[in-house]
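S.K.:
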Ligand SMILES: [Zn+2]
């Protein structure tokens, strides 16, 4: 258990409601790293949901959050848990160059960019009226949008449309079966689909811009990061599961930490201990080398 963890405040972008959260700890970071190894949107969203609800100071219904809320909360919690700077390797956008550059990305500069407004009510006919919503985490998972997502197929489009409907004549879509809703959406006219798409296009976007001058061709790059998959990569760039186990093993084996102690540290705390330890090891090695040299000198003097 964590005692007296620091608490920070955040504003949920879609609702403007304030929430408090604590940083995640090393054992929770492991959950994220495992999802990173799985490398599919479904595992990533499941892991991020677990972390956001675990770190929230009071119970939070993660399924009712919009996807962009989840991205924003995750990036902010990560910034307080690991640090605001993420070191990433980014390829130069010049196609003939493509050189990888080490770049420090400041996650605290992540913004929610709004994209205008559109009517959230669509009348399909005189009898049927829809109300729309920005895609929630719950809807995204329910329609398995992440599965085989390609952004262009008809199947993906139908899922996105279905996710965006909040009510049909006042009845929440959660009361209908997934198949039923997908069939319903397939029956829409081109005009109705257009209206829903216009609404989807106004979804706020969480984004950050990575700016750097390429070390090789000197091109000034400005690469926009958005979407939970891309943010996850950027946020977890420091972490590899193998290193995690190696470092923990060394700290337990040689320095007497227990696994429970390590796993309850905030990741940046563990980093500090690791840094202090390696500094200590360098000093120790210097001391031993000096001692050995003195012993040699003495024995020669005899
Ligand atoms: Zn370049």
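Numbering (my numbering), first residue to last: 131 to 432.
Even for Gly, the Cβ is constructed at its ideal location relative to N, Cα and C.
Computed from a predicted structure; not experimentally measured.
1. Ignoring anything shorter than 3 residues or poking outside the segment 346–420, list the beta strand (DSSP E) runs there in chain order.
2. Output needed for residue 230: all residues of its chain with C-beta closer than 6 Å, excluding positions within five of it in sequence on either side, in chain order.
3. Using a threshold of 8 Å, state whether the C-beta atoms of residue 477 and residue 228 are closer than that.
4. May I ask whether a heavy atom of ligand 1 can be found less than 7 Å away from the beta carbon of residue 349?
5. Residue 379: buried (16+ other C-beta within 10 angstroms of its C-beta) or exposed?
6. Check whether the Cβ of residue 232 lies closer than 7 Å to any heavy atom of ligand 1, and answer yes or no.
7. Could one say the Cβ of residue 219 lies closer than 8 Å to chain B's Cβ atoms, at least one of them?
8. With H, G and I counted as helix, E and B as strand and the rest as coil, what does DSSP make of residue 328?
9. Excluding five sequence neighbours on each side, which residues of the same chain lie with their C-beta closer than 7 Å to the C-beta of residue 155?
10. Within this structure, are the beta carbons of residue 265 and residue 294 separated by less than 8 Å?
11. Are the beta-carbon atoms belonging to residue 358 and residue 203 less than 8 Å from one another?
12. Am I right that residue 179 and residue 267 are in contact with their C-beta atoms under 8 Å? What's the rounded C-beta distance?
13. Roughly how many angstroms separate the alpha carbons of residue 360 and residue 340, rounded to a whole number?
14. Looking at C-beta atoms only, is the number of pairs between the segment 236–252 and the segment 204–212 that lie closer than 8 Å three or more?
15. Which ranges does the alpha helix (DSSP H) cover as unbroken runs of at least 4 residues, wholly within the segment 137–213, from first to last along the chain?
16. Determine the contact status of residue 289 and residue 261, defining contact as a CB-CB distance below 8 Å.
17. Can you give me the start and stop residues for the alpha helix (DSSP H) that residue 312 sits inside?
18. Could I get the ranges of all uninterrupted beta strand (DSSP E) runs contained in the segment 226–314, with 3 residues as the minimum, in chain order?
19. Are there 16 or more other CB atoms within 10 angstroms of the CB of residue 346, so buried, or fewer, so exposed?
20. Should the segment 241–248 be called in touch with the segment 324–339, which here means at least 3 C-beta pairs below 8 Å?
M.R.: With the given structure in hand:
1. 350–356
2. 219, 221
3. In the structure as shown, the chain starts at 131 and stops at 432, and residue 477 therefore has no counterpart that could be examined.
4. yes
5. exposed
6. no
7. In the structure shown, chain B does not exist; there is a single protein chain.
8. helix
9. 132, 393, 394, 395, 396
10. yes
11. no
12. 7 Å
13. 12 Å
14. yes
15. 156–168, 171–185, 197–211
16. no
17. 308–316
18. 230–236, 241–243, 251–253, 259–262, 295–298
19. exposed
20. yes
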